[in-house]
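Student: Pasting a structure below so you can have a look.
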């Protein structure tokens with residue numbers, strides 16, 4: 002009888018973690034990560050972790066939005082394994098616009114793609130107040146996307162590591178791996194033989210992938226005891242969607258910007274002002290909030306902004322999740338692994 | 029029939045009259061496909077939001093890959109000092125002395141600051157730049173910019189990104205009539221192909237647009253539609269439209285009516 006296959010997972014960001022959670026019971030898993038267990042420069046460590054298939058259908062193709070719906074359904078069972086509870090919420094998204102940006106809200110609403118019976122509801126101020134009493138009187142029109150949700154990415158990072166550490170997964174941190182374009186079989190990683198390699202390095206694979214680029218995003222995390230929001234609020238902005246996503250303990254993630262740049266240096270003053278003033282205009286309680294962290298990072302993306310799964314012998318490459326990491330990861334990774342491993 | 033002369037920008041000639049922007053597309057791939065569908069020969073690029081020169085290189089490479097003439101712009105600048113610095117950076121990065129000068133005076137509707145624009149234009153022209161100023165549709169401002177030595181002017185149709193079309197056709201016509209030899213390009217505010225067509229019918233040499241294509245449901249098809257509209261507008265201008273009349277004039281003589289009533 003054959004033993005469990007030996008699998009190397011390269012990259013311990015969001016995709017690497019999801020892959021490890023899906024594989025560790027059936028395989029001997031070794032994780033290789035260029036940084037430490039926090040993978041704190043990975044896109045998933047910085048994201049607002051929105052699960053917004055309907056809103057994203059405005060900018061992505063229907064098949065991706067549907068993959069997002071599938072992922073939404075998979076997250077609860079994936080998180081249920083973890084010892085530390087990870088905040089997961091599916092109470093919809095509220096979308097609002099200031100009077101000057103009403104045109105953007107209208108065109109957004111026209112571009113929502115029909116998605117398996119999931120529909121947006123047009124709201125007047127009374128309904129907005131019912132959903133989010135603390136926003137009473139601030140907005141007169143909005144949209145409610147009931148199928149959407151979010152999770153706490155930091156808790157997921159923490160909890161997935163804690164859980165995998167207790168299983169027999171082997172971790173190799175501060176270990177950068179270069180992968181040959183046409184790997185041998187079985188694949189040799191760091192002198193060890195593996196039956197399968199799952200390449201989840203994101204921008205770490207940039208040298209081997211000509212059209213992979215970084216798209217800069219900036220995001221703030223604040224503690225705002227004076228603000229109570231029941232669900233993420235998306236504010237229309239002329240250049241990028243700004244989400245104010247409530248996490249447990251009155252923490253809020255505000256972001257993210259989207260800039261065609263591979264600069265991962267600190268956030269600019271302009272972006273800081275845009276993000277924080279957006280939050281303040283939604284709820285004045287943010288004026289006394291404490292800024293816990295304000296970060297900039299890069300999202301890995303291909304030129305069509307679609308994720309890519311490539312099977313090359315026993316190497317499976319999953320990359321280019323762009324701004325849709327949490328939205329797509331469970332369904333995308335599970336589909337990628339289903340050819341041979343799951 | 030008017031004589032068809034090519035679009036001339038500081039001595040260089042072009043046959044296509046649709047200049048296209050490179051921002052706000054759903055993906056870089058769709059941007060490239062839209063530019064091809066538009067048939068544009070000139071593409072504008074913004075350097076401002078790239079944080080550092082090296083960091084934006086991949087994106088600029090995508091634009092250079094289109095093989096088109098690059099027109100860098102100073103979008104996002106609010107002062108003379110900022111535009112001058114950025115113009116110099118653009119000259120280095122894109123190896124061109126062309127600069128689309130955008131100097132914002134009002135943050136909300138992104139209206140150009142006419143006074144600072146004159147100052148910055150003069151500085152940059154003296155520094156050897158070929159300046160294409162983005163300005164409001166004010167005749168006197170356009171005359172002043174011409175007097176400084178600009179060979180191309182780019183008055184707006186409407187505020188950037190509004191898609192409202194030519195808000196003040198009278199002003200735009202006046203500028204066309206009073207500056208007959210100037211290369212005039214309507215820049216900003218167009219939403220529909222018919223707006224572009226209207227600008228070309230008026231005798232404008234070209235239009236520059238971005239959001240109308242990038243923000244369309246299908247940018248590639250919309251790029252094609254704008255390309256047709258620009259051709260139609262140019263042909264109409266060359267063909268010289270019939271004069272407008274206040275009363276109806278039947279195109280067919282009416283039988284049985286005295287000729288002096290016809």
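Protein chains in written order, with the working numbering: chain A, 2 to 343; chain B, 29 to 290. All residues carry an ideal CB built from backbone N, CA and C; glycine is no exception. Predicted model only: the values in this text are computed from it and were never measured.
Measuring only the C-alpha atoms, how far is residue 2 of chain A from residue 199 of chain A?
Tutor: Residue confidence for residue 2 of chain A is low, a pLDDT of 44 falling below 50, so the modelled location carries little weight and cannot support an answer.
Student: At the 8 Å Cβ level, is residue 173 of chain A part of the contact set with chain B, yes or no?
Tutor: no
Student: Scan the region 288–313 of chain A for residues whose Cβ lies nearer than 7 Å to a Cβ of chain B and list them as they occur along the chain.
Tutor: 304, 305, 306
Student: DSSP on residue 41 of chain B, reduced to helix/strand/coil?
Tutor: strand
Student: Counting only beta-carbon separations shorter than 8 Å, does residue 214 of chain A have a partner in chain B?
Tutor: yes
Student: Using a Cβ-Cβ cut-off of 7 Å (strictly less than) and excluding sequence neighbours within five positions of residue 264 of chain B, which residues of its own chain qualify?
Tutor: Short of 7 Å from the beta carbon of residue 264 of chain B, and not among the five residues preceding or following it, lie these beta carbons of its own chain, in chain order: 229.
Student: With a threshold of 8 Å on Cβ separation, who are the neighbours of residue 55 of chain B within its own chain once the five nearest residues in sequence on each side are excluded?
Tutor: none
Student: Per DSSP, which residues does residue 195 of chain A bridge with? Please list them.
Tutor: According to DSSP, residue 195 of chain A bridges with A:188.
Student: Thinking C-alpha only, which one of B:108, B:231, B:133 is nearest residue 260 of chain B?
Tutor: B:231
Student: Do we get a CB-CB distance below 8 Å when we pair residue 2 of chain A with the residues of chain B?
Tutor: Any reading at residue 2 of chain A is ruled out, since the residue's pLDDT is 44, under 50, leaving its predicted position unreliable.
Student: Residues of the region 88–117 of chain B in Cβ contact with chain A at a cutoff of 8 Å, in chain order, please.
Tutor: 90
Student: Decide if the region 238–253 of chain A is in contact with the region 138–145 of chain A; the criterion is three or more beta carbon pairs, one per stretch, under 8 Å apart.
Tutor: no
Student: By the 7 Å beta-carbon criterion, what residues does the region 39–69 of chain B contribute toward chain A?
Tutor: 54, 55, 56, 57
Student: Is it a yes or a no for the region 299–309 of chain A touching the region 317–337 of chain A, going by three-plus beta-carbon pairs under 8 Å?
Tutor: Under the 8 Å Cβ criterion, the region 299–309 of chain A counts as touching the region 317–337 of chain A, having at least three qualifying pairs.
Student: How is residue 178 of chain A classed by DSSP in three states: helix, strand or coil?
Tutor: coil
Student: In the DSSP output, what is residue 74 of chain B paired with across the bridge?
Tutor: B:101
Student: Could you spell out where the alpha helix (DSSP H) holding residue 277 of chain A opens and where it closes?
Tutor: 270–283
Student: In whole angstroms, what separates the C-alpha of residue 17 of chain A from that of residue 193 of chain A?
Tutor: 19 Å
Student: Tell whether a beta-carbon distance below 8 Å holds between residue 170 of chain B and residue 130 of chain B.
Tutor: no
Student: Give the range of the alpha helix (DSSP H) segment to which residue 228 of chain A is assigned.
Tutor: Careful: residue 228 of chain A lies outside any alpha helix (DSSP H) and carries neither H nor E.
Student: Sort out for me which residues DSSP pairs residue 344 of chain A with in a bridge.
Tutor: What the structure shows of chain A is the stretch from 2 to 343, and residue 344 of chain A is not part of that stretch, so it cannot be assessed.
Student: With DSSP as the reference, label residue 101 of chain A as helix, strand or coil.
Tutor: helix
Student: For residue 84 of chain A, is the beta carbon positioned less than 7 Å from some heavy atom of the ligand ADP?
Tutor: You won't find the ligand ADP in this model; it holds no ligand whatsoever.
Student: Let's see if you can read the secondary structure: which residues bound the alpha helix (DSSP H) around residue 60 of chain B?
Tutor: 56–66
Student: Buried or exposed for residue 30 of chain B, going by 16 or more other Cβ atoms inside 10 Å?
Tutor: exposed
Student: Looking at the C-beta of residue 239 of chain A, does it have a partner C-beta in chain B at a distance below 8 Å?
Tutor: yes
Student: Could you pull the DSSP bridge partners for residue 129 of chain B from this structure?
Tutor: B:161
Student: For residue 162 of chain B, decide whether its Cβ has a neighbour in chain A, counting only Cβ atoms nearer than 8 Å.
Tutor: no
Student: Our contact map puts residue 47 of chain B next to residue 76 of chain B with C-beta atoms below 8 Å; I'd like the distance itself, whole angstroms only.
Tutor: No, residue 47 of chain B and residue 76 of chain B are not in contact; Cβ-Cβ is about 18 Å, not under 8 Å.
Student: Quick check on residue 30 of chain B - is its C-beta less than 8 Å from some C-beta in chain A?
Tutor: no
Student: Are there 16 or more other CB atoms within 10 angstroms of the CB of residue 132 of chain B, so buried, or fewer, so exposed?
Tutor: Answer is buried; the Cβ neighbour count reaches 16.
Student: Helix, strand or coil, according to DSSP, for residue 2 of chain A in the structure here?
Tutor: With a pLDDT of only 44 at residue 2 of chain A, under the threshold of 50, the placement of this residue in the model should not be trusted; the figure read from the coordinates follows. If DSSP states are grouped into helix, strand and coil, residue 2 of chain A belongs with coil.
Student: Quick check on DSSP: helix, strand or coil for residue 208 of chain B?
Tutor: coil
Student: Does DSSP classify residue 136 of chain B as helix, strand or coil?
Tutor: coil
Student: Going along the chain, which residues of the region 184–217 of chain B sit with their C-beta nearer than 9 Å to a C-beta in chain A?
Tutor: Those would be 189, 190, 191, in chain order.
Student: Which same chain residues end up closer than 6 Å to residue 279 of chain A when comparing Cβ atoms and leaving out the 5 residues on each side of it in sequence?
Tutor: Around residue 279 of chain A: 236, 243.
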